[in-house]
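Residue numbers (the numbering used here): 1 to 219.
Note that the Cβ used here is the ideal one computed from N, Cα and C, for glycine as well.
In what follows, a structure is listed as structure tokens, so that the remarks can point back to it.
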């Protein structure tokens, strides 16, 4: 029997209010050894998802490991997007084993977890597998993660996907939150974020607006 189509989003698509974003260990010491992605691209993608989450009011946890004693501060691209928000510093490599982080996860109370950070094979695999084991839905923004080699990053992503995590990209995350250009209240912020941090797509937005006065969805 042929199903009947309805004009409604799929249940697995993310919306601003149905998940929390956890940004993990975007720190200097971790970045120095990251080889699976160019650092300038990683920083760009971290800025893209941070600004997107802030614009849409997504509940966001910022966490570091050994900030003062070893790993250094969180990327300014993230800290600047969340001025005044506390960084939850840990000793554990697995964010999901830190009591302060888990207390914040429980306070926010969302079943869906979106993860990004350094390194993929340690600091992202740990909370991803742990959250999945406890019944959470887990999404990983793979191009806002990095590791000491392409091999390490790819095997980590495969391991998480095999366990049930859902991969996505930074620009995909932003556009999935917007999802409809008729949503005028976030139209300007979304296209503004994409224009600065959206790579070639952002260049296209700026070009169309300047040359033709055009915009997404006829805006």
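Sub-9 Å separation of residue i and residue j beta-carbons
i, j, result
"residue 143", "residue 37", "yes"
"residue 118", "residue 147", "yes"
"residue 138", "residue 128", "yes"
"residue 106", "residue 126", "no"
"residue 59", "residue 108", "yes"
"residue 155", "residue 121", "yes"
"residue 75", "residue 26", "yes"
Per-residue burial, residue i [other beta carbons within 10 Å of its own, 16 or more giving buried]
i, result
"residue 185", "exposed"
"residue 111", "exposed"
"residue 272", "Lying before the first or after the last residue shown, residue 272 is absent from the chain, which here runs from 1 to 219."
"residue 15", "exposed"
"residue 98", "buried"
For residue i, three-class secondary structure by DSSP
i, result
"residue 168", "strand"
"residue 30", "helix"
"residue 159", "helix"
"residue 220", "Since the displayed the chain opens at 1 and closes at 219, residue 220 lies outside it and no answer follows."
"residue 46", "helix"
"residue 25", "coil"
"residue 51", "helix"
"residue 191", "helix"
"residue 2", "coil"
Inter-residue CB distance, residue i and residue j (contact presumed, cutoff 8 Å)
i, j, result
"residue 170", "residue 49", "5 Å"
"residue 71", "residue 30", "6 Å"
"residue 197", "residue 53", "So it is not a contact: roughly 13 Å between Cβ atoms."
"residue 131", "residue 113", "5 Å"
"residue 187", "residue 194", "Incorrect: roughly 11 Å between the Cβ atoms, too far for contact."
Cutoff 9 Å: residue i Cβ touching any chain C Cβ
i, result
"residue 15", "Absence of chain C from the displayed structure is noted, only one protein chain being present."
Given 8 Å, three or more beta-carbon pairs between the stretch 151-165 and the stretch 178-187: no
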